[in-house]
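K.L.:
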Amino acid sequence: MTAPLLSIRDLHVTFRTDEGTVEAVRGISFDIPAGRTVALVGESGSGKTVVSQAILGILPETATVRGEAMIFRDPEADEPFDLLACDPDAPLRRRIRGNRMAIVFQEPMTSLSPLHTIGDQVGEALRVHKRVSAAEERRHTIEMLRRVGFPDPERAYRTYPFELSGGLRQRAVIAMALICRPALLIADEPTTALDVTVQAQILKLLEDLQAEFGMAILFITHDLGVVANIAEEMVVMYRGRIMEAGCCRELLRAPRHPYLKALLAAVPRLHDDPNRRLAALREVPHGRAKDLLEGLDKRQWRPDGPILEVRGLRKTFLLRRGGWFSGQGRVVTALEDVSFAVEAGECLGIVGESGSGKTTVSKIIMRAFTADSGEVLFRGPDGEVDVLALSERELLPLRRHIQYVFQDPFSSLDPRMTVLDAVAEPLVIHGIGTREERIERVKALLAAVGLEPRHMRRYPHSFSGGQRQRIGIARALALGPEVLICDEPVSALDVSVQAQILNLLKDLQRDLGLTYLFISHNLAVVRYIAQTIAVMCRGLLVELAPAEVLFAEARHPYTRTLLAAIPEPDPDHPLDFSRVLAERASDPSAWPAPYGLCGGAGRMVAVGRKHWVRMEAQGERA
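Under the working numbering, the letters of the sequence shown match residues 71 to 692, in that order.
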């Protein structure tokens, strides 16, 4: 048998902290075969990224690394090299790092300098590790940009990171890592922040580049669906130890360790029963949510029609060129002809890629943006109101009925406010209760979302990501709203914590009769929580249908592309790359008849009971 490219034996990594020594990696051993992909899987805090940093020798000074061996068998070297036997700053380690070993980080925007062009940053590794002229560097860089899928490599060479989409920025980071053709590529959560369609494109790109360059890949992720579509072998970590390792297909089909079984049970899937409750690894204790209704003067009422109705929303933005006072600019249409209705006590899911207009719709409903035209009708306990026609003074009472849960709980919570102050702030603004009454209500709110009331004097930084999201939900529930707008509330969370939050939202909806507007780019997540699904693309609502109808009889080509792009942790349901990689899947002018749109917005056509699809209007192609 051929010796593996990298062999790790009994690796330990500890960190010195003010509270003492923290053991992040506890004696792990595994191999990375040459030319193959090994997935390192686990929740946040399991030690995955620490392992990658130990391999590259980029751990902070507070870290101590020890172990039996870490043997790197570089095909271009004469003999194997023990990485643990050499100081991370030694010349030999520095020649290997970025040259024979390279890394792709999770967030491309933070790993790219905003002050330098893409060409300058991609070519930097060549200047450091290879003796090339300026002309050779430019030629090699442009060629690498072409290989990673830039449509215009010459132009990309001169652009800055902020001028690129998220998918192209990630391609630029991959080009930086591969410019020296390394033997080992470490990909640390490279697709977590991307839409499902862009994620599928990046996975296919890595697969193709691996075949072309013959490199090995260590793919770090918590997404078992991604693992099923890219890895041959899998190593499952929990709290610094390996729980299970082996052939990826075998482990996903027949896991043996309870931890891997629990991870698989926590994943929402397209082919599962939507009524199946996700099995969270650590279930949130079910609080007495119904206690939250007490003392809020909640009258029994039933809306005459949908509780929330959006009609004909249109929104444009003016993009200026050459500065604020240049007078030059162009108008970008963010929303066009968006209409839907949400029944009381139900959940409407809005799905689509970044830039499709999902969040713009939610911000117009909350009056954070002003619509160019259209109506937003809310039928609450005080009757029907047009939200867009309300004055600033009339908006304040409406806030009690419609609340917002943000995507990033850390940035939406003031780091200088305790949990008590953050959750009680809406009550203070609306003048509800005495201080003692507000404290009691905060305790009830925290209990309802599965948090200990005794922790309410803590600050947000002392909580995990899932706990911070639960704090954000508690704050949104403080005023006893009827409608909750959830903007990507689980996209940044581990699969196990995601299951916690989704189960919590379903429990609260059942106990409190809440109505949800749930925004996401993941149709599998939306299928689990929503009764009706609206699909958006380029500011247009392209398909609207009950969840079971949409998944069984999706009509629009863009909806079908989204469905094909969702990776499932099942080797028997691989991604259909041929459908996902259609270059113009989100280009309305490229959609086949009768769905293609050339300049116009088309019209929504009923194709079944409560099933609407956007089609070309007569005369648009004239």
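We put the CB at the ideal spot given by N, CA and C, even for glycine. Values in this document were obtained by computation on a predicted structure and should not be read as measured data.
For Val683 versus Arg625, is the C-beta distance shorter than 8 Å?
P.N.:
As a working mapping, residue 683 is identified with position 613 in the sequence shown. As a working mapping, residue 625 is identified with position 555 in the sequence shown. Contact: yes.
K.L.:
Taking the continuous alpha helix (DSSP H) assigned at Ser424, which residues delimit it?
P.N.:
The count along the sequence shown starts at 1 and reaches residue 424 at position 354. That residue, Ser424, is in no alpha helix (DSSP H); it is neither H nor E in DSSP.
K.L.:
Thinking C-beta only, is Cys607 closer than 8 Å to Cys656?
P.N.:
Here residue 656 is taken as the residue at index 586 of the sequence shown, counted from 1. Here residue 607 is taken as the residue at index 537 of the sequence shown, counted from 1. The amino acid at residue 656 is misidentified as Cys; the sequence shows Ser. Their beta carbons are under 8 Å apart, which means Ser656 touches Cys607 by this criterion.
K.L.:
Curious, which full-length beta strand (DSSP E) runs of at least 3 residues does the stretch 468–531 contain?
P.N.:
Within the stretch 468–531, the complete beta strand (DSSP E) runs of at least 3 residues are 472–475.
K.L.:
Judging by CA-CA distance, which residue of Ile249, Ser183, Leu196 is the nearest neighbour of Arg239?
P.N.:
Locating residue 239 in the sequence shown gives position 169, where the first residue counts as 1. Comparing Cα-Cα distances from Arg239 to each of Ile249, Ser183, Leu196, the minimum goes to Ser183.
K.L.:
Does Gly583 pass the burial test, meaning 16 or more other C-beta atoms within 10 Å, or should it be called exposed?
P.N.:
The sequence position of residue 583 within the sequence shown is 513, counting from 1. Looking at its Cβ environment, which holds fewer than 16 other Cβ atoms inside 10 Å, Gly583 is exposed.
K.L.:
Is it the case that the stretch 186–202 contacts the stretch 262–272, given that we only count it when at least three CB pairs across the two stretches are under 8 Å?
P.N.:
The stretch 262–272 is not in contact with the stretch 186–202.
K.L.:
Decide if Gly375 is buried, meaning its Cβ has at least 16 other Cβ atoms within 10 Å, or exposed.
P.N.:
One-based indexing of the sequence shown puts residue 375 at position 305. Per the 10 Å Cβ criterion, exposed.
K.L.:
How many Å lie between Tyr586 and Val108 at the Cα?
P.N.:
Along the sequence shown, read from residue 1 onward, the residue named residue 586 stands at position 516. Along the sequence shown, read from residue 1 onward, the residue named residue 108 stands at position 38. Between Tyr586 and Val108, the C-alpha separation is close to 39 Å.
K.L.:
Can you tell me where the alpha helix (DSSP H) with Ile636 in it begins and where it stops?
P.N.:
For the purposes of this step, residue 636 is taken as the residue at position 566 of the sequence shown. Unbroken run through Ile636: none, as it is neither H nor E.
K.L.:
When the distance is taken between beta carbons, is Leu276 closer than 8 Å to Ile300?
P.N.:
Here residue 300 refers to the residue found at position 230 when the sequence shown is read from its first residue. Here residue 276 refers to the residue found at position 206 when the sequence shown is read from its first residue. Yes, these two residues count as a Cβ contact at 8 Å.
K.L.:
Count the other C-beta atoms from every protein chain shown that fall within 10 angstroms of the C-beta of Arg679, then say buried if there are 16 or more, exposed otherwise.
P.N.:
Working through the sequence shown from its first residue, we reach residue 679 at position 609. Arg679 comes out exposed.
K.L.:
Since I believe Ser424 is in contact with Gly295 (beta carbons under 8 Å), could you give me their beta-carbon distance rounded to a whole number of angstroms?
P.N.:
As a working mapping, residue 295 is identified with position 225 in the sequence shown. As a working mapping, residue 424 is identified with position 354 in the sequence shown. With 8 Å as the limit, Gly295 and Ser424 do not qualify as a contact, their Cβ atoms being about 19 Å apart.
K.L.:
Would you kindly check if the distance between the Cβ of Val553 and the Cβ of His471 is under 8 Å?
P.N.:
Position 401 of the sequence shown holds residue 471. Position 483 of the sequence shown holds residue 553. Yes; because the gap between Cβ atoms is below 8 Å, this pair is in contact.
K.L.:
Could you compute how far the alpha carbon of Ala544 sits from the alpha carbon of Val519?
P.N.:
Here residue 544 refers to the residue found at position 474 when the sequence shown is read from its first residue. Here residue 519 refers to the residue found at position 449 when the sequence shown is read from its first residue. About 7 Å.
K.L.:
Strictly by DSSP, which residues pair up with Tyr308?
P.N.:
For the purposes of this step, residue 308 is taken as residue 238 along the sequence shown, with counting starting at 1. DSSP, once it has assigned bridges, lists Arg311 as partnering Tyr308.
K.L.:
Take His82 as the anchor and find which of Ala133, His525, Gly112, Leu75 has the nearest alpha-carbon.
P.N.:
The residue labelled residue 82 in the question sits at position 12 within the sequence shown. The candidate whose alpha carbon is nearest that of His82 is Ala133.
K.L.:
When you compare each of Pro145, Ile509, Lys200, Gly117 to His292 by their alpha carbons, which one comes out closest?
P.N.:
On the sequence shown, position 222 is the one that residue 292 refers to. For the residues Pro145, Ile509, Lys200, Gly117, the minimum Cα distance to His292 belongs to Gly117.
K.L.:
By the DSSP assignment, the beta strand (DSSP E) with Ile589 in it spans what residues?
P.N.:
Numbered from 1 along the sequence shown, position 519 holds the residue referred to as residue 589. Segment 585–590, the beta strand (DSSP E) holding Ile589.
K.L.:
Can you tell me where the alpha helix (DSSP H) holding Met214 begins and where it ends?
P.N.:
To locate residue 214, count along the sequence shown from 1; it is residue 144. 204–217 is the extent of the alpha helix (DSSP H) around Met214.
K.L.:
Below 8 Å, how does it come out for the stretch 344–355 and the stretch 142–156: are there three or more Cβ pairs, yes or no?
P.N.:
Because the criterion of three Cβ pairs below 8 Å is not met, the stretch 344–355 and the stretch 142–156 do not touch.
K.L.:
Using CA atoms only, rank isn't needed, just tell me which of Asp642, Ala514, Ala562 is closest to Arg323.
P.N.:
Locating residue 323 in the sequence shown gives position 253, where the first residue counts as 1. Arg323 has its Cα closest to that of Asp642, out of Asp642, Ala514, Ala562.
K.L.:
Could you name the residues of the same chain whose beta carbon sits closer than 6 Å to that of Ile502, not counting the 5 residues immediately before and after it, in chain order?
P.N.:
Counting from 1 along the sequence shown, the entry for residue 502 is found at position 432. Once the five neighbours on either side are set aside, Ile502 has no close Cβ partner at all.
K.L.:
Quick one: measure Cβ to Cβ for Val567 and Gly536, integer angstroms, because I've assumed they're closer than 8 Å.
P.N.:
Numbered from 1 along the sequence shown, position 497 holds the residue referred to as residue 567. Numbered from 1 along the sequence shown, position 466 holds the residue referred to as residue 536. Sure, about 4 Å apart at Cβ, within 8 Å.
K.L.:
What are the complete alpha helix (DSSP H) segments, minimum 4 residues, inside the stretch 86–134?
P.N.:
Segments of the alpha helix (DSSP H) lying fully in the stretch 86–134: 118–126.
K.L.:
Label Ser481 either buried or exposed according to how many other C-beta atoms from any shown protein chain fall within 10 Å of its C-beta, with 16 as the threshold for buried.
P.N.:
Translated into positions along the sequence shown, residue 481 becomes position 411. Under this definition Ser481 is an exposed residue.
K.L.:
Under 8 Å between the Cβ atoms of Arg693 and Cys156?
P.N.:
Nothing about residue 693 can be reported from this structure: the residues present for the chain run from 71 to 692 only.
K.L.:
At least one CB of chain D closer than 8 Å to the CB of Lys680: is that the case?
P.N.:
In the displayed structure, chain D is absent; only one protein chain is listed.
K.L.:
May I ask you to verify whether the stretch 375–386 touches the stretch 596–603, counting CB pairs closer than 8 Å and requiring at least 3?
P.N.:
The stretch 375–386 is not in contact with the stretch 596–603.
K.L.:
Per DSSP, what are the beta-bridge partners of Cys607 in this structure?
P.N.:
On the sequence shown, position 537 is the one that residue 607 refers to. In the DSSP output, where bridge partners are listed per residue, Cys607 has Leu610.
K.L.:
In whole angstroms, give me the CA-to-CA distance for Ile244 and Pro252.
P.N.:
The residue given as residue 244 occupies position 174 in the sequence shown. The residue given as residue 252 occupies position 182 in the sequence shown. Each residue's Cα considered, the two are about 11 Å apart.
K.L.:
Straight-line CA distance for Ala257 to Gly137?
P.N.:
For the purposes of this step, residue 257 is taken as residue 187 along the sequence shown, with counting starting at 1. For the purposes of this step, residue 137 is taken as residue 67 along the sequence shown, with counting starting at 1. Computed Cα separation, rounded: 23 Å.
K.L.:
Report buried or exposed for Ala692, applying the criterion of at least 16 other Cβ atoms within 10 angstroms of its Cβ.
P.N.:
Walking along the sequence shown from the start, residue 692 turns up at place 622. In this prediction, Ala692 has a pLDDT of 40, which is less than 50 and means its spatial position is unreliable; what the coordinates show is noted afterwards. Per the 10 Å Cβ criterion, exposed.
K.L.:
Alpha carbon to alpha carbon, how far is Lys200 from Asp478? Give it in angstroms, no decimals.
P.N.:
Start at 1 with the first residue of the sequence shown, and residue 478 comes out as number 408. Start at 1 with the first residue of the sequence shown, and residue 200 comes out as number 130. Whole-angstrom Cα-Cα distance: 41 Å.
K.L.:
Are the beta-carbon atoms of Ile435 and Ile555 separated by less than 8 Å?
P.N.:
Residue 435 sits at position 365 when you count from the first residue of the sequence shown. Residue 555 sits at position 485 when you count from the first residue of the sequence shown. For Ile435 and Ile555, yes; Cβs fall inside 8 Å.
K.L.:
Tell me Trp682's beta-bridge partners as DSSP assigns them.
P.N.:
Along the sequence shown, one-based indexing puts residue 682 at 612. BP columns for Trp682 point to Leu614, Ala676.
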